[in-house]
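Visitor:
Numbering (my numbering), first residue to last: 4 to 58.
1) Could you please give the first and the last residue of the uninterrupted alpha helix (DSSP H) stretch that includes residue 47?
2) Which same chain residues, not among the five before or five after residue 35, have their C-beta less than 8 Å away from its C-beta?
3) For residue 6, which option in 57, 46, 55, 56 has the closest C-alpha, if you only look at C-alpha atoms?
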């Protein structure tokens with residue numbers, strides 16, 4: 004299970020995406036969404052690898 008810090012971080016990133024979306028700034032919204040999804044995938048992958056080495 005991931006830490007509460009990471010969950011709050013992803014929440015803030017997706018809230019920024021929602022802000023850009025609802026304010027009509029679609030290009031920054033797409034950039035934030037893509038960046039957040041990429042970062043989330045990379046962090047989750049690394050977290051999974053670290054946990055496998057511990058087991």
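Beta carbons are placed, not taken as given, at the ideal position from N, Cα and C, and that holds for glycine.
Guide: According to the structure shown:
1) The count along the chain shown starts at 1 and reaches residue 47 at position 44. Run containing residue 47: 29-57, per the alpha helix (DSSP H) assignment.
2) On the chain shown, residue 35 is found 32 positions in, with the first residue counted as 1. 16, 19, 20, 23, listed in sequence order.
3) The count along the chain shown starts at 1 and reaches residue 6 at position 3. Comparing Cα-Cα distances from residue 6 to each of 57, 46, 55, 56, the minimum goes to 46.
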